[in-house]
Amino acid sequence: MNTDTAQKLETLKQLFDSFRHQRQDEAEALFAEPFSFTSPYDDAIDKAAYFERCWPNAGKLKDQVIENMLVEGTLGYVTYQASTPEGMTFRNTECFHFDGNRICRIEVFFGAAYDQGVFARMR
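What the sequence shown shows, in the working numbering, is residues 4 to 126, in sequence order.
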């Protein structure tokens with residue numbers, strides 16, 4: 004593995020760790036300018052909107068387990084499974100676009116959700 008790939012993988016690990024522990028300053032240092040975030044609920048929102056809308060969601064999670072992490076060139080992919088204290092589980096994949104070793108864009112793809120092990124529609 005080359006140094007550039009290793010650095011990008013480390014950046015992704017740092018981002019997920021800062022999210023889980025709500026260390027916004029650490030996460031902001033990993034983002035490039037301009038930055039955008041897209042998900043089925045958000046259309047290319049900027050950094051301020053990302054921290055306002057998405058960042059607090061870490062407090063709703065019981066756990067978040069990274070299953071796969073891959074970097075190829077300027078793209079990174081992370082698939083994780085998360086659960087809530089209420090018994091909901093879901094799996095998402097996020098695509099990270101890099102400018103150098105900083106993240107300039109995140110695209111989130113939602114997987115199925117389960118409530119107590121039974122398929123549940125995302126709300």
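Ideal placement from N, C-alpha and C gives every residue a C-beta, glycine not left out. All of these numbers come straight from a predicted model, not from anything done at the bench.
>> Using the Cβ count rule (16 or more neighbours within 10 Å means buried), how would you classify VAL74?
In response: buried
>> So, with DSSP's three-state summary, where would you put THR14?
In response: helix
>> Using a Cβ distance threshold of 8 Å, determine whether the region 90–99 contacts the region 112–125, with at least three qualifying pairs required.
In response: yes
> Excluding sequence positions up to five away, which residues of its chain have a Cβ less than 7 Å from the Cβ of LYS16?
Replying inline: none
> What are the complete alpha helix (DSSP H) segments, minimum 4 residues, inside the region 37–70?
Replying inline: 50–56
> Tell me the DSSP bridge mates of THR92?
Replying inline: SER86 and TYR117
>> Using only the alpha-carbon positions, how far apart do ARG111 and CYS57 sit?
In response: According to the sequence shown, residue 111 is Val rather than Arg. Rounded to whole angstroms, VAL111 to CYS57 spans 11 Å at the Cα level.
> Less than 9 Å separating the beta-carbons of ILE69 and PHE101?
Replying inline: no
> Is ALA2 buried or exposed, if buried means 16 or more other CB atoms sit within 10 Å of its CB?
Replying inline: The structure shown does not extend to residue 2, since the chain spans only 4 to 126, so no value can be given for it.
> Applying the criterion that 16 or more other CB atoms from any shown protein chain within 10 Å of the CB defines a buried residue, is LYS65 buried or exposed?
Replying inline: exposed
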